[in-house]
Amino acid sequence: MNLQVKKISIPPLVIAAALVALVSPTVARADAVTDWNLIASNAIVVTAGQPPPVSALSFAMVQAAVYDAVNAIDRTHQPYLPEPPSNPTDSKEAAATTAAFRVLVGFPDLPGLFPAQLSTLQPQYDAYIAGLPDNPPGSRANGVAIGEATARTMLTNRQNDGRFGPSPTPYPAAPGIWRPTPPNFANDPAPWIGNVRPFLVPSAEMLRTDGPNALTSAAYTEDFNEVKEVGSLTSTTRTPDQTDAAIFWQDHAHALFNRIFRTLAVSQQLDIVDSARLFAMENLAGADASIGCWNDKYYWQFWRPITAIREADTDGNPDTQADPTWLPLFDPSTAVCHPPLLVTPPRLQQQILHYAKLRAVLGHP
């Protein structure tokens, strides 16, 4: 039941090259894994509009099923979920394509992630399958059957896993406790993420941090004053590189990382087996990072910087000075937000999703 990992080494310079390549035209087609990762990304992020933590679960389901479909034929690595029987000559491309497609749209008797997208995805799937070779004869149909089997196994496994479940109870208002932030004063659209059954680790609680620094500690004071100065809309010390980095990291976390890994898969000339493993490892780790991050957020329910700075006169710390009119870099009144419109996200502080995924996927310290 575990996804055995033989480490695929990706040097930092390769990661940097992939980041640079994101500004270049779309890379040439690599294989069915990268092609259908892009199609899945459009279905999950663009069409369905899933926010980052929710999309992490969808990406993981798609890519783990794709991995199991390819590995069911290759038989060189441990499966994630039980795999169907196969022959070595069965089409890995057809298996990967079908696994992704069926997790996205489902079956007549088993709903997928986005059954409403069937009319859009069916023609793409039909055209893609028709363009695959059938050599030896029957290998393509066998691959389709394998992909359907691994998709069905995945969809069945993730039933009643806590997705879209009840929300955690908010803590009473107090200094240090999160509350909705200006200008929209919105609530988290997916507070249930932290209660979803993880994909790899036994429980989300084992990923929990030691929590935020005490409001009266020296570490909190240092962080507070740095964010207040560098993160301010009117900061005079923030460098252009810091502004560019802040804007870059506002991108959709899981769409961003899947773009990076599509570039890596092509630039490193991975075959379909290694591509399937790479995307499964990335997205399974990313999903558990999201689940653990949200579980941690709602355990501590720590306030956002805009609240901490505006209400610093309540934190009991004489070295933090309140600024009731403080605005962050991303405020609707500033041109840096157009496009896109960026504001303080309606989510609790503590962990940051992009950083949680960096640690999970790349081993960032």
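In terms of the numbering used here, the sequence shown has 1200 at position 50, counting the first letter as 1, and numbering is strictly consecutive.
Ideal Cβ placement from N, Cα and C applies to all residues, glycine included.
**Request:** Under 8 Å Cβ to Cβ from Arg1358, same chain only, skipping five residues before and after it: list those, please.
**Result:** Correct list, in chain order: Gly1442, Asn1445, Asp1446 and Tyr1449.
request  = Locate the alpha helix (DSSP H) running through Thr1371, then write down its first and last residues.
outcome  = Ala1368 to Val1380
Rounded C-alpha distance that separates Asn1196 from Lys1378: Note that residue 1196 is Val in the sequence shown, not Asn. Each residue's alpha carbon lies about 34 Å from the other.
Can you tell me whether Phe1429 is helix, strand or coil according to DSSP? helix
Next on the checklist: Taking the beta carbon of Gly1466 as the centre, do at least 16 other beta carbons fall within 10 Å, making it buried, or is it exposed?
Outcome noted: Taking all protein chains shown into account, Gly1466 has fewer than 16 neighbouring C-beta atoms within 10 Å of its C-beta and is therefore exposed.
If we call anything under 7 Å between Cβ atoms a contact, is Thr1303 one with Leu1254?
-> no
- Message: Suppose only complete runs of 3+ residues qualify. What are the beta strand (DSSP E) ranges in the segment 1265–1292, listed by chain order?
- Response: none
Please check if any C-beta of chain C sits within less than 7 Å of the C-beta of Asn1310. In the structure shown, chain C does not exist; there is a single protein chain.
Exercise for the section: Kindly indicate which residue of Asp1401, Gly1281 and Leu1271 has the alpha-carbon position closest to the one of Ile1189. Expected result: Leu1271
ask   = Expressed to the nearest angstrom, what Euclidean distance is found between the alpha-carbon atoms of Ala1266 and Thr1319?
value = 32 Å
Rounded to a whole number of angstroms, what is the C-alpha to C-alpha distance between Ala1244 and Pro1202?
When the Cα atoms are used, Ala1244 and Pro1202 turn out to be separated by approximately 29 Å.
Option nearest Leu1383 by Cα separation, candidates Trp1476, Ala1246 and Pro1286: Trp1476
* To do: May I ask you to report which of helix, strand or coil DSSP gives Leu1260?
  => Three-state DSSP puts Leu1260 in a strand.
Measure the alpha-carbon distance for Ile1223 versus Ala1354 and round it to whole angstroms.
-> 32 Å
Q: Within its chain, find whatever has a CB closer than 6 Å to the CB of Ala1249; leave out the 5 residues flanking it on each side and keep chain order.
A: Ala1215, Val1216, Ala1219, Gly1297, Thr1300 and Ala1301
(Q) Looking at the secondary structure, which residues open and close the alpha helix (DSSP H) in which Phe1480 lies? (A) Run containing Phe1480: none; DSSP gives neither H nor E here.
Worksheet item: What separation, rounded to the nearest whole angstrom, lies between the Cα atoms of Gly1293 and Trp1399?
Response: 38 Å
| request: Quick one: residues in its chain with C-beta nearer than 8 Å to the C-beta of Ile1422, no 5 flanking neighbours on either side, listed in chain order? | output: Asp1181, Ala1182, Val1183, Val1220, Lys1242, Glu1243 and Ala1246
Suppose you measure from the CA of Ile1456 to the CA of Pro1478; what does that come to, to the nearest Å? 7 Å
Report task. Identify which residue in Asn1345, Ser1367 and Gln1451 has its Cα closest to the Cα of Gln1439. Result -> Note that residue 1439 corresponds to Ala in the displayed sequence, not to Gln. If we check each option's Cα against that of Ala1439, Asn1345 comes out closest.
- Query: Going by other Cβ atoms of all chains shown within 10 Å of its Cβ, with 16 needed for buried, is Thr1387 buried or exposed?
  - Reply: Thr1387 comes out exposed.
Are the beta-carbon atoms of Asn1375 and Ala1369 separated by less than 7 Å? no
*Below 8 Å on the Cβ atoms is my guess for Arg1347 versus Asp1373; work out the distance and round it to an integer in Å.*
At roughly 33 Å, the Cβ-Cβ gap does not stay under 8 Å, so Arg1347 and Asp1373 are not in contact.
Requested in this report: Please name the residue or residues paired with Phe1452 in a DSSP beta bridge.
Outcome: Ile1327
Item to complete: Compare the C-alpha of Phe1257 against each of Glu1233, Pro1322 and Thr1306 and name the closest.
Response: Thr1306
- Item | Other residues of its chain near Tyr1278: CB distance less than 6 Å, five sequence neighbours each side excluded | Thr1247
Check: Contact between the segment 1428–1436 and the segment 1392–1408: three or more CB pairs below 8 Å?
Finding: They touch, by the three-pair rule.
request  = With a floor of 4 residues, list each alpha helix (DSSP H) that falls wholly inside the segment 1299–1328, ordered by position along the chain.
outcome  = none
Cβ shell of Pro1325 (< 6 Å), same chain only, five flanking positions each side left out:
Thr1464 and Asp1465
Quiz item: From which residue to which residue does the alpha helix (DSSP H) around Trp1342 run?
Solution: Trp1342 -> no alpha helix (DSSP H), and no H or E assigned at all.
Open item on the list: What would DSSP say about Glu1461, mapped onto helix, strand or coil?
Closed with: coil
_Of the residues Ala1403, Ile1459, Gln1451 and Thr1470, the one placed nearest Ala1437, counting alpha carbons only_ = Ala1403
Identify, in the order they occur along the chain, each residue of the same chain with its Cβ nearer than 6 Å to the Cβ of Asp1469, setting aside the five sequence neighbours on each side.
Thr1371
Could you give the uninterrupted runs of the alpha helix (DSSP H) lying entirely in the segment 1383–1436, keeping only those of 4 residues or more?
Complete alpha helix (DSSP H) runs here, min 4: 1390–1398 and 1403–1417.
### Task
Answer yes or no: do Ser1425 and Ala1415 have a C-beta to C-beta separation smaller than 7 Å?
yes
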